[in-house]
Every structure is written in structure tokens, then in C-alpha cells.
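Asker: Chains as they are written, first to last, in my numbering: chain A, 1 to 447; chain B, 1001 to 1447.
(1) Answer with buried or exposed for residue 436 of chain A, where buried requires no fewer than 16 other C-beta atoms within 10 angstroms of its C-beta.
(2) Measure the Cβ-Cβ separation of residue 1291 of chain B and residue 1300 of chain B and say whether it is below 8 angstroms.
(3) Per DSSP, what kind of secondary structure is residue 140 of chain A in: helix, strand or coil?
(4) Between which residues of its own chain and residue 1326 of chain B is the CB-CB distance below 6 angstroms, once the five residues before and five after are set aside?
(5) Please determine if the stretch 1319–1339 of chain B and the stretch 1192–1207 of chain B are in contact, where contact requires at least 3 C-beta pairs separated by less than 8 angstroms.
(6) Any beta-carbon of chain A closer than 8 angstroms to the one on residue 1006 of chain B?
(7) If you check the beta carbons only, do residue 1185 of chain B and residue 1149 of chain B fall under 8 angstroms apart?
(8) If you drop the 5 nearest sequence neighbours on each side, which residues of the same chain put their C-beta closer than 8 angstroms to that of residue 1102 of chain B?
(9) One question on the structure: do residue 361 of chain A and residue 256 of chain A come within less than 8 angstroms of each other, judged by their Cβ atoms?
(10) Please list the terminal residues of the continuous beta strand (DSSP E) segment that includes residue 342 of chain A.
(11) Given a cut-off of 8 angstroms, decide if residue 1417 of chain B and residue 374 of chain A are closer than it, judged by their beta-carbon atoms.
(12) Which residues in chain A have a C-beta closer than 8 angstroms to the C-beta of residue 1097 of chain B? List them in chain order.
(13) Rounded to whole angstroms, what is the Cα-Cα separation between residue 1135 of chain B and residue 432 of chain A?
(14) Could you say which of A:214, A:199, A:213 and A:227 lies nearest to residue 1214 of chain B if we only look at CA atoms?
(15) Taking C-beta pairs closer than 7 angstroms, name the residues in chain A that residue 1068 of chain B reaches, listed in chain order.
(16) Does the distance from the C-beta atom of residue 31 of chain A to that of residue 147 of chain A stay below 8 angstroms?
(17) Report yes or no: is there a C-beta of chain A within less than 8 angstroms of the C-beta of residue 1282 of chain B?
(18) Tell me which residue opens and which closes the beta strand (DSSP E) that residue 1150 of chain B is part of.
(19) Would you mind telling me which residues of chain A sit closer than 7 angstroms to residue 1398 of chain B, beta carbon to beta carbon, in chain order?
(20) Flag this pair as yes or no: are the beta carbons of residue 244 of chain A and residue 351 of chain A separated by less than 8 angstroms?
(21) Tell me, please, whether the CB atom of residue 1415 of chain B is closer than 8 angstroms to any CB atom in chain A?
(22) Residue 1022 of chain B touches chain A at which residues, Cβ-Cβ below 8 angstroms?
(23) Report the rounded CA-to-CA distance for residue 1048 of chain B versus residue 1075 of chain B, giving the unit in angstroms.
(24) Count the other CB atoms, across all protein chains shown, that sit within 10 Å of the CB of residue 1109 of chain B; report buried if there are 16 or more and exposed otherwise.
(25) Would you report the Cα separation of residue 219 of chain A and residue 193 of chain A, rounded to the nearest angstrom?
(26) Compute the Euclidean distance between the alpha carbons of residue 1211 of chain B and residue 1231 of chain B, then round it to the nearest angstrom.
(27) Please name the residues in the stretch 237–254 of chain A whose beta-carbon is closer than 9 angstroms to at least one beta-carbon of chain B, in chain order.
(28) Exposed or buried, which one is residue 306 of chain A when buried takes at least 16 other CB atoms within 10 Å?
(29) Is DSSP giving residue 1219 of chain B helix, strand or coil here?
(30) With distances taken Cα to Cα, identify the nearest neighbour of residue 1082 of chain B among B:1122, B:1036, B:1181 and B:1068.
(31) By Cβ distance below 6 angstroms, which residues in the same chain neighbour residue 1100 of chain B in space, the five residues on each side in sequence not counted?
(32) Taking its Cβ as the centre, do 16 or more other Cβ atoms sit within 10 Å of residue 68 of chain A, making it buried, or is it exposed?
(33) Since residue 1158 of chain B is in the alpha helix (DSSP H), which residue starts that stretch and which ends it?
(34) Which partner residues does residue 1371 of chain B have in the DSSP bridge list?
(35) Determine, for residue 1410 of chain B, whether the minimum Cβ-Cβ distance to residues of chain A falls below 8 angstroms.
(36) Between residue 1149 of chain B and chain A, is any beta-carbon pair separated by less than 8 angstroms?
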């Protein structure tokens, strides 16, 4: 098994080298071929999905899986055509992330340095349940010239297999597209094997719940792009517009409570806590939100009785549910300190009309996304205008926050000279570097 | 011991949060204070260095260390003033890497997204011997708003301690500069402790030989920026200008043979091998370079007899010495394939007058720096115009190739709204995103 995975990764490595040489037109043609093939092979894909659904419904009846999982698993005509295939075409339509000159410098007469974007290489992806994630992530990798190894949830085995076969067949033999640019893993042990291959795989992207992400992070030396927890905060400042504050808190908590960018903790300045709670807690209750309050919250929330006390655990819990922990603080500094201690550095928001307080918060909170008078729910690749989303990262290297295609590229330096040697630039009466910034673009991509 | 390191890392984490809020002026003032203090405390530093030198000379006499190590260890008046202190001032003079707006997007009227550079956080550095590396890397971290934990070579213990004390004392109590922004480790076991703290330390930079770098990479889950081997190639194409080729090969190999960007393997196209060898091998011999040739090289190198045969091991050996492995190839494709298999993906160069061959090489070789008609020795932060160098990276994420100050920063997303909620952008008759690129800059850094 381990040998099989290693062989597959070596094939992917070779495919990555070849795919990095494909032109933009070749990669886009492959993506369009995939979009068409997904529609053309609807019967094959929907039949496979029916097999997975039948097995899943049996497991649901036995209480082994949950209804939301079944919903995410289902692929029908509408989803295949309007979402999955259209999504692939939209990836094709995005700006090419590779071959871009990020900087050019004249080092000396005739000696020029370019920094040009290139694919990362081989990307390993581990995702849960939703089969459309397979198509999305594989096509993002293809667009950016990366080879990809994917492992989906076992509930979606037949659907994923059908999708992967259709995609591979659609691109087989196309100019510039190497066989083996995509490899589907099917067994859980294969994931363990993949996570060991740090010499062959450059990046792992886990897409799924906290447990999956933690497991991946703890079992590999390969860089991992993603986030485990999403413990997001809204801080309502003493100078907040209370109407805006209520809207933002309710949206941040309830617009999609199971999302990583939903708020889990509300911090409220003591000076406005009483009037704010009077409206906000009622609205939250109307939306079915349960409150866990610290002692001051429970004292000041006079119009709602019997709030559950918040314990220390609450400040570091991602509920992913209609539950909100609430704490009263005495200053923006206290809010920032609380967030920097308990936040998962994902997304945190301040509500205030005081620009100075807002600036302190935006600068002082050490998170991937920080917001002023806006809902935490905006932290998302599509909403940020990044196009299709690779994921959301709480890393502090490479990519942070919502990640689009540019998270799948790195750069190489290209130096062009005319016989230049370093020895000429050393010692007395030597040549000197000009280091002049150029607007030049390296675009010698013809074959 | 492990608890001490953890406590130090927690202090560094707090210091990093504080330092990230320091203004550019505050950070530059601290750097200038350090530059002055280094000169003002010359006696303390030179005395400490004399202690290290005395011990090192004793070890040299016992054959326990080498002469080059002693040379790197020595700090005198000239080095302290003209190199170390001047280096710190030049770091102060560089453009501020943090607080830069990389992109701004109008998401909708009144809702704006900024991507702004921020420090990474806490950087761990492990370096060998040269005490000036301590000052350089610590000041690069200070300039970029990062806290730093450093461990130097045991031979430089007293020098490093004196330098760290002088730097810490110089910045103590300065506005915006937190105590504990720099922490010096002194025991080897402390490094092991530091490498475990992936929750507190964001990046490890090893500066030293292959063995040190491999050790660090194998013993931590923290991202490591650097390179182990530097197995660099020069490929002399059939359409090469042979004079340029000889100059470039000699410079790449001999200009500083112990450097990571020196060439270790020479690939030569069969069609020009004989005339090229006639000049090049003599020139290399004149520079004291020993050749290890494959069978065809030994056959075609008619003017130098008795070349040592190259074995398979040679293709993956970094000599760091006056030795060069040489192989004859039949095409640019074969050269690219050899390099992609054996190169350490650091720096590789093609010599040719054929633009098409050059383009194939520059695109096809998967290395951090690829060069056309230029010496591999140019791959260096100073020569690339990046200012002071953090190191050279063969990573495929974050930073690749020579890394300047920008390798020490990441970004955060800042969203400013006026009560905007995500729910308004969902469903029919909803608001839509404008996603209009702006030239705006986020510059609300006043306190």
C-alpha cells in the first residue's frame, strides 16, 4: 500500500513538471473539456451517487450518520449542471495565476532579474463528504498547473470515483496535459501514506471539520494550508451604533451558524451593555440562539432571565451551533487582549463609531481577517472577490485568510545575462550593480 | 529547561504582539540606538570575543575545529564598526516591509477590503559560529516587527552574549519596543525545546551547514525557511558561445567554492564537448579544480589525462570544494531532466546563444533561481537587490530563492463597513458585490 502511494506520488511529481509547461490555452481547454464531460456523463455520475445515497440512507436509519451529511452528499441534475459544471467553466475563465511577472530588476547593463509565478508542484487534498469539492479543488489545481492527489469521504466513494474517471477521461491525450495530473485515493490508509511523502508532495489542503484538520496537521511534515477552529468574535464598543451592532451580531451568529466564520463569542463594553443587551439578547433569542454569559452579562441582561453561565471552556469553544458566549469588558484594550488570547486568529470584528477605537482594534487584533462595522460572515473567498476558494487559512506563512488561486502558486527567479560573472563585481575597480526597478515582463513562453 | 524555553517563547509571543504595533519611526530609532551601542560598547564586545578566540585557538591546536571557523569567529574594531554597526544602520534605512497595502477592493458601497502586510510573529533562528549573523538577523526581525529567539554556535558563546546584552540594553525602555523582543538561547538542549513549540513560534530559520539545516528540518513541526543542499548546475548548450561558457563555468565553480550557489555539476552538450573541454578543463585545472567525469567526458577530454570517474553519488553531492562533476548530454531536454532529478532546486544556469533553448531551460528547470548566460553565483539577496538577506530558501511556499525583509512578513485582511451584514447579499432581490479594484491604501496607523 505504502509503495503504491509512493509510486502514485512519483507519477504526480512527473505530471506536475509536465503540467507546469502547459500553456494557458491548453489548461483552459482541458477545463472546458471537463465541464462538458461532466454534463455528458450525467447518467454515470448520478447512478454512482445513487449507490452512495442508498448506503448513506441505510446508515442514517441506523443512526450512524446525520441528515446534513446526506444533504451534502446528494448530486442531482440541477447540482451537476448548474453548480458543478458551471463552476469548472468559471475556474477556466479566471485570470491565469502562473507566468505572471511579479517584479523585474536591472541588476546591471544586460543582466536582468525577473520574479515569475509558477505552480507549487504536487498538492494533496483530504476532504469530507461533498463530492463537488473534489471537482472544485482538482480544477483549481489544474488551472494553476499543479498535480493533485485527492482523498474524499468514504460515503462518497462511488460518486468520487465516477467524477474522477470522467475528469481523467476528458483530459486524456489533450495537448500539454499529462496523464496522472490527478490521482484519487480511496482507502483511509492511503492518506496516512500520503502524509509521509514530504519529499514528493509540497502542500496538503484539508477541507473538513476540526478533527480532520487537526489529524492532518499532527501527522505530516508537509506544509498544511487551512484552519482548524474558527473561534470568531464580535466586540461591541462603547461608541457603537446599537442598531448596527445588533444587526452585525445577529448576522455573524445566525446567518450560517455551522460556518467557520460565524461568531462564537460576543464582547460588550460595560458602558453600553445594559441598553445593548435589552435589544440584542431578545433578537438573538428570537433567532433561537442560546446565550452563555459571564457574571456581569447575567447581571446586566435584565430583560432575559436565567442565562446559562459561561465557564472558561466557553471562551475557547467553537460551537458551530446556535450558542453564543458573552462577556462584558471595560475597554477596547481588554477586548483585544481577550481576542488575542482565545481567538483562533480567523476573523474578528469591532462595532464602533469611534475611528480611533476601530484603528486600535484593526491593528491590535492578530487575526487573518479583522473587520470594522461588518459581519464576520464576509470572510470568504467569493465575498472577498478572490474567485473560487481554495480554503481559509490561519497560517502565518504563504497564505492567510480566504485563499484563491494565488495560494496555489509560488515564484521562481529568472536571471538573463550575456556572459555575466560574479567575480567582476568584487574588489576594487569592479563593476557595480544598478538595481534599477523595471516594468518589464518575462513572457517568453513560446515552445 | 523545557519550561524555561516555553516561558521565554510566551514572553516573545507577547513581545511580538506589542512590537507589531510599533511605528516605523520607533523601530528605526531602536535600530539606530543598537548601531550606536555596538560601537560605544566596543571594549565589552571585543573582550568577550577574545575569550571565545582564546578557547577556539586551543581547540584548533587540538585539531577539534578548523581555521576557517576561527576566522569567522573573530570580531575586531574594523569588523564591529565597518561591517556590523554599518549593517544595522543599513537595515534601518530599508523600506518598511510592514503596513503596506498589497491590494484594496470595494466589495460594495461603503464596504472595503484591504490586504496589509504585518509581521509573522515569533521567529526562531539557529546559526553557526559567525557572531555578526546574530546582529544581522535580530535587526532584520526588529525592522519587520517580529520577536526573535536566537541560538548561536557554542564557540561564540561570550561574543553572542555580549552582543545580545548590548542590543537589549540599547533598546530597553524605548517607546514602542517591548522588553523581550529578542531572546538569546545558550544551551544546545534549548534548541530542542524551541523546535517543539509550534504553538508559540511561527518560523524557524537555520543558518549554517547542511547538517544543521537537516537536523532542524527533521526535528520540528514549525515551518522552516532555508535550504539544505546547494547542488547547482551549469549546462553548456551546443549553441553556447564558448568564451562566455568558460567564464561562467569558472566563476560559478571557483569564485567562492564553499558557497551554496557555487556549481557542483557541469553538463555539456555532446556536439561542442570536445572544443569546450579543450579550453575549459585547462582553465579549471589552473584554478585548482579537480574534475570527476562520466565516461564520455573522460573520452572527449583529450587534453587532460587521467580524470577521476564520476559515480552516481557524484550527481547528488554538494562538494563545497574545488571539485566539479562533469557529464556529457545529447540535448537540452536531457540536461533539464538531469537537473530536475539531481538538483537541490537552488540555482541552475544555461549557457547558449539559442533563445529557444534558453526559454525551454528557464521554464523547464524547477529551481528557485534559473539563469541564462550568467553565473550561478549571482543567486544572492544583495546581488538581487533585496537588501540584507534573511537567507536562501528552496521552499515552495511563502519565500523561494534569496529572501529579503519581505520573507519576514505576512498579511492580514482588513474589512471596513458601516453596518454591513452578509445576509443582505443572499437570496433574491439581494444586494450584489461590486468587487471593484481600488488604488486605496490603508494607512490609519496613528495612535
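By construction, the Cβ of each residue, glycine as well, lies at the ideal position given by its N, Cα and C atoms. All values reported here derive from a predicted model rather than from experimental measurement.
Answerer: Looking at the atomic coordinates:
(1) Residue environment analysis places residue 436 of chain A among the exposed positions, since fewer than 16 neighbouring C-beta atoms fall within 10 angstroms of its C-beta.
(2) Contact: no.
(3) DSSP places residue 140 of chain A within a helical segment (H, G or I) once states are collapsed to three.
(4) In chain order, 1266, 1291, 1293 and 1297 place their CB closer than 6 angstroms to the CB of residue 1326 of chain B, counting only its own chain and leaving out the 5 sequence neighbours on each side.
(5) Result no; under three Cβ-Cβ pairs closer than 8 angstroms.
(6) It does not: the Cβ of residue 1006 of chain B has no partner Cβ on chain A nearer than 8 angstroms.
(7) Yes. Within cutoff.
(8) Excluding five sequence positions before and after residue 1102 of chain B, the CB atoms of its chain that fall closer than 8 angstroms to its own CB belong to 1115, 1116, 1117 and 1411, given in chain order.
(9) Inclusion of residue 361 of chain A and residue 256 of chain A in the CB contact set at 8 angstroms is not warranted, their separation being larger than that value.
(10) For residue 342 of chain A, no beta strand (DSSP E) run applies; the uninterrupted alpha helix (DSSP H) run containing it begins and ends at 332–342, by DSSP.
(11) Residue 1417 of chain B is positioned such that its CB atom lies closer than 8 angstroms to that of residue 374 of chain A.
(12) By Cβ distance, chain A contributes nothing, its closest Cβ being about 14 angstroms from residue 1097 of chain B, past 8 angstroms.
(13) Each residue's Cα considered, the two are about 26 angstroms apart.
(14) If we check each option's Cα against that of residue 1214 of chain B, A:199 comes out closest.
(15) Within chain A, no residue comes near residue 1068 of chain B; the closest Cβ sits about 18 angstroms away, beyond 7 angstroms.
(16) Contact: no.
(17) So, not an interface residue.
(18) For residue 1150 of chain B, the enclosing beta strand (DSSP E) has its first and last residue at 1147–1151.
(19) Within 7 angstroms Cβ-Cβ: 397 and 398.
(20) Yes, the Cβ-Cβ distance between residue 244 of chain A and residue 351 of chain A is below 8 angstroms.
(21) Taking Cβ atoms only, chain A reaches closer than 8 angstroms to residue 1415 of chain B, which makes this a yes.
(22) What residue 1022 of chain B touches in chain A: nothing, since even the nearest Cβ is about 11 angstroms away.
(23) In a straight line, the C-alpha of residue 1048 of chain B is about 10 angstroms away from that of residue 1075 of chain B.
(24) Burial is judged here by how many other beta carbons sit within 10 angstroms of a residue's own beta carbon; residue 1109 of chain B has fewer than 16 and is exposed.
(25) Rounded to the nearest angstrom, the two C-alpha atoms are 10 angstroms apart.
(26) Cα-Cα distance, rounded: 15 angstroms.
(27) Result list: 241, 243, 244, 245, 247, 248, 250, 251, 252 and 254.
(28) Per the 10 Å Cβ criterion, exposed.
(29) It is coil, neither helix nor strand.
(30) The shortest Cα separation from residue 1082 of chain B among B:1122, B:1036, B:1181 and B:1068 belongs to B:1036.
(31) Once the five neighbours on either side are set aside, the close Cβ partners of residue 1100 of chain B are 1117.
(32) With fewer than 16 other Cβ atoms within 10 Å, it is exposed.
(33) It spans 1157–1171 - the alpha helix (DSSP H) in which residue 1158 of chain B sits, taken as one unbroken run.
(34) BP columns for residue 1371 of chain B point to A:415 and B:1349.
(35) In terms of beta-carbon proximity, residue 1410 of chain B lines the interface with chain A, with at least one pair separated by less than 8 angstroms.
(36) Residue contact with chain A for residue 1149 of chain B: absent (no Cβ-Cβ distance below 8 angstroms to any residue of chain A).
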